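Protein chains in written order, with the working numbering: chain A, 91 to 358; chain B, 91 to 358.
Structure first, commentary second.
There are 2 protein chains.
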Amino acid sequence: MLEQITSRQNETVKIHAKLLQSAARRREAGQFLCEGARLCRDAAESGIVIDTFYATASAYEKYGAYCQKIASVAKRSYQISDHVAPLLSDTKHPQGVFCVCRLPAQAHSLETLEKDKSYLALEQMQDPSNFGTVLRTAEALGIKGVFLCGPCCDPFGPKALRGSMGAVFRLPLFFCQDGPSAAKQLGEKGFATFASVVDSSAQPVTSADFSGPSVLFIGNEGNGLTENCVTSCDHRITIPMLGRAESLNASAATSILLWEMMRDKGAM
Amino acid sequence: MLEQITSRQNETVKIHAKLLQSAARRREAGQFLCEGARLCRDAAESGIVIDTFYATASAYEKYGAYCQKIASVAKRSYQISDHVAPLLSDTKHPQGVFCVCRLPAQAHSLETLEKDKSYLALEQMQDPSNFGTVLRTAEALGIKGVFLCGPCCDPFGPKALRGSMGAVFRLPLFFCQDGPSAAKQLGEKGFATFASVVDSSAQPVTSADFSGPSVLFIGNEGNGLTENCVTSCDHRITIPMLGRAESLNASAATSILLWEMMRDKGAM
Numbered sequence: 091m092l093e094q095i096t097s098r099q100n101e102t103v104k105i106h107a108k109l110l111q112s113a114a115r116r117r118e119a120g121q122f123l124c125e126g127a128r129l130c131r132d133a134a135e136s137g138i139v140i141d142t143f144y145a146t147a148s149a150y151e152k153y154g155a156y157c158q159k160i161a162s163v164a165k166r167s168y169q170i171s172d173h174v175a176p177l178l179s180d181t182k183h184p185q186g187v188f189c190v191c192r193l194p195a196q197a198h199s200l201e202t203l204e205k206d207k208s209y210l211a212l213e214q215m216q217d218p219s220n221f222g223t224v225l226r227t228a229e230a231l232g233i234k235g236v237f238l239c240g241p242c243c244d245p246f247g248p249k250a251l252r253g254s255m256g257a258v259f260r261l262p263l264f265f266c267q268d269g270p271s272a273a274k275q276l277g278e279k280g281f282a283t284f285a286s287v288v289d290s291s292a293q294p295v296t297s298a299d300f301s302g303p304s305v306l307f308i309g310n311e312g313n314g315l316t317e318n319c320v321t322s323c324d325h326r327i328t329i330p331m332l333g334r335a336e337s338l339n340a341s342a343a344t345s346i347l348l349w350e351m352m353r354d355k356g357a358m
Numbered sequence: 091m092l093e094q095i096t097s098r099q100n101e102t103v104k105i106h107a108k109l110l111q112s113a114a115r116r117r118e119a120g121q122f123l124c125e126g127a128r129l130c131r132d133a134a135e136s137g138i139v140i141d142t143f144y145a146t147a148s149a150y151e152k153y154g155a156y157c158q159k160i161a162s163v164a165k166r167s168y169q170i171s172d173h174v175a176p177l178l179s180d181t182k183h184p185q186g187v188f189c190v191c192r193l194p195a196q197a198h199s200l201e202t203l204e205k206d207k208s209y210l211a212l213e214q215m216q217d218p219s220n221f222g223t224v225l226r227t228a229e230a231l232g233i234k235g236v237f238l239c240g241p242c243c244d245p246f247g248p249k250a251l252r253g254s255m256g257a258v259f260r261l262p263l264f265f266c267q268d269g270p271s272a273a274k275q276l277g278e279k280g281f282a283t284f285a286s287v288v289d290s291s292a293q294p295v296t297s298a299d300f301s302g303p304s305v306l307f308i309g310n311e312g313n314g315l316t317e318n319c320v321t322s323c324d325h326r327i328t329i330p331m332l333g334r335a336e337s338l339n340a341s342a343a344t345s346i347l348l349w350e351m352m353r354d355k356g357a358m
């Protein structure tokens, strides 16, 4: 029989709900809050440490297999009343499944990079939904890790987690001071660095050579890469357009650029 | 001096606000409601008939050039008070610029199709934001028109309009009874029809020949194309994956497929 929480005044729930508020709060606690049966199951299967698992009675019933998997690795599990669930939720219609997870150690060293693989670097990417989708696409296409350069949105915020569909648990993330220094370090390690720009005079991505160890740099949604980052990369590449170039949104452009990079790996 | 509307009880505003509610309401009125300075300006520049233009005093000041363009073609223009704007808005923080537009005539005949161009067909696409993004990407990549097959979301709903960034005003839209009959008709007109599926046994999109007149069929976000539609197309194509195939979301997959189709046109 699971311990039950029926009060919206429960102190543990109130403290955990605050993890939704800010990256600073999450860093301070060393934890993040994950919502949804599939995402929580993905966290459990990816080796993320789950401190606390919360689910409503109806969620236990509806998502039985997911909940069993999560409960089997969680340190504590609670059944919460339906009126408690919205406190922990970032969505309008919560499924009623939540995990409080330990932030993973961010100690991926550049020494772990695989020379025959491709990587993605994001500079100052701010929109969490967009960020999540980019991680999801990167994982789907076989990218082996993502560099977060300068002030990016927090990968463990609720919108980024949801948008990533769990990719954030599986893709190695490298946190870097800024874009230019990341480009220089990666260059020194033998990676070709590609700056993506919206500029018809840049090299068309279709003629870029991604066959060696490569890192694709993508900038902020509104402003693109910083000039300093562009000049720190080996190549400037762009998507050639038949239609209205200014119309391609950031995540569609990233999908196409990542695809072109992986297409060149010959395995497609 | 513009006529001013200061009351939230204004009958005209109340009637126009209802255009946000449903596609049925929009069809009945023969109108749709468009929000935001840039989107309204795009409507004005694309030859959409603007019956009524509303803007707050601060929006007139902030988006002067946009508002002048819109007012120059609108049949009636009003200045509305700040507290009236939220009635007409679908967003949390309205810019304060709105147009009531005439639904464009939907009489694009298949006879107008250009044989040397590429087209997109969407079957039962339901998510309006996704739908809007797909239209935007299609326009950016040079697609010449979009077939909406079966029950798709309304292109003139607030989320689809916003996601499309105005592409909905510029791309010819063809409304079709269902996917299979559209595929058959297009086949008879000499177009090669390509059904996109998630199936590693299908032809990789990288080896598909889009050099002739081509139409790419994309299905519903959750379920893909109907089986009947797939069998009505000439080819079954798929995105070959290095990573986690199930992780690619609908709009990323569509971006990549459209890109591959246009890439083959040789102009990239």
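Glycine residues also receive a C-beta, built at the ideal position from the N, C-alpha and C atoms.
These numbers were taken from a predicted model, which means no experiment stands behind them.
Check the Cβ-Cβ distances between residue i and every residue of chain A, and say whether any is below 7 angstroms.
{"i": "residue 230/B", "result": "yes"}
{"i": "residue 346/B", "result": "yes"}
{"i": "residue 110/B", "result": "no"}
{"i": "residue 106/B", "result": "no"}
{"i": "residue 92/B", "result": "no"}
Locate the alpha helix (DSSP H) running through residue i, then write down its first and last residues.
{"i": "residue 160/A", "result": "154 to 163"}
{"i": "residue 254/A", "result": "248 to 254"}
{"i": "residue 105/B", "result": "101 to 107"}
{"i": "residue 130/A", "result": "127 to 135"}
{"i": "residue 226/B", "result": "218 to 230"}
State yes or no: is the beta carbon of residue i nearer than 7 angstroms to at least one beta carbon in chain B?
{"i": "residue 342/A", "result": "yes"}
{"i": "residue 357/A", "result": "Any reading at residue 357/A needs caution, since the residue's pLDDT is 48, under 50, leaving its predicted position unreliable; the model's value is listed next. Yes, contact with chain B."}
{"i": "residue 128/A", "result": "no"}
{"i": "residue 368/A", "result": "A question about residue 368/A goes unanswered here, because the residues of chain A that appear run from 91 up to 358."}
{"i": "residue 352/A", "result": "yes"}
{"i": "residue 338/A", "result": "yes"}
Which first and last residues belong to the beta strand (DSSP E) in which residue i is found?
{"i": "residue 145/B", "result": "140 to 146"}
{"i": "residue 110/A", "result": "From DSSP, residue 110/A is part of no beta strand (DSSP E); its letter is neither H nor E."}
{"i": "residue 359/A", "result": "The structure shown does not extend to residue 359/A, since chain A is modelled only from 91 to 358, so the question has no answer here."}
{"i": "residue 238/B", "result": "236 to 239"}
{"i": "residue 95/B", "result": "93 to 95"}
Contiguous beta strand (DSSP E) assignments of at least 3 residues, all confined to the segment 266 to 303 of chain A: You should have 282 to 286.
Against chain A: residues of the segment 216 to 230 of chain B by CB proximity under 7 angstroms: Answer in chain order: 223, 226, 227, 229, 230.
Length-filtered (3 minimum) beta strand (DSSP E) runs lying within the segment 308 to 339 of chain B: As far as the segment 308 to 339 of chain B is concerned, its whole beta strand (DSSP E) runs of at least 3 residues are 325 to 328.
Those runs of the beta strand (DSSP E) which lie wholly inside the segment 162 to 214 of chain B and span at least 3 residues: As summarised for the segment 162 to 214 of chain B, the continuous beta strand (DSSP E) elements at least 3 residues long and confined to that stretch are 166 to 170, 187 to 192, 208 to 213, given in chain order.
Residues of the segment 296 to 326 of chain B with Cβ closer than 7 angstroms to any Cβ of chain A, in chain order: Cβ contacts with chain A come from 296.
Touch test, the segment 280 to 292 of chain B against the segment 305 to 323 of chain B, Cβ-Cβ under 8 angstroms, three pairs minimum: Touching, yes.
Stretch pair the segment 192 to 210 of chain B + the segment 226 to 238 of chain B: three plus CB contacts closer than 8 angstroms: As far as the Cβ criterion goes, the segment 192 to 210 of chain B touches the segment 226 to 238 of chain B, which means the pair count is three or higher.
Cβ pair count under 8 angstroms reaching 3, the segment 216 to 223 of chain B against the segment 295 to 302 of chain B: No: the two stretches stay apart, fewer than three of their Cβ pairs being nearer than 8 angstroms.
The segment 331 to 351 of chain A contacting the segment 145 to 160 of chain B, beta-carbon criterion three pairs below 8 angstroms: These segments do not touch.
The segment 255 to 272 of chain B / the segment 316 to 332 of chain A touching (three or more Cβ pairs under 8 angstroms): Fewer than three Cβ pairs drawn from the segment 255 to 272 of chain B and the segment 316 to 332 of chain A lie within less than 8 angstroms of each other, which leaves the two stretches out of contact.
Cβ contact check for the segment 128 to 140 of chain B and the segment 249 to 269 of chain B: 3 or more pairs under 8 angstroms: Yes: the two stretches touch, three or more of their Cβ pairs being nearer than 8 angstroms.
Meets three-Cβ-pair contact criterion under 8 angstroms: the segment 157 to 168 of chain A and the segment 108 to 117 of chain A: The segment 157 to 168 of chain A is not in contact with the segment 108 to 117 of chain A.
Contact the segment 309 to 320 of chain B vs the segment 308 to 322 of chain A: 3+ CB pairs below 8 angstroms: Here the segment 309 to 320 of chain B makes no contact with the segment 308 to 322 of chain A; the two share fewer than three CB pairs at distances below 8 angstroms.
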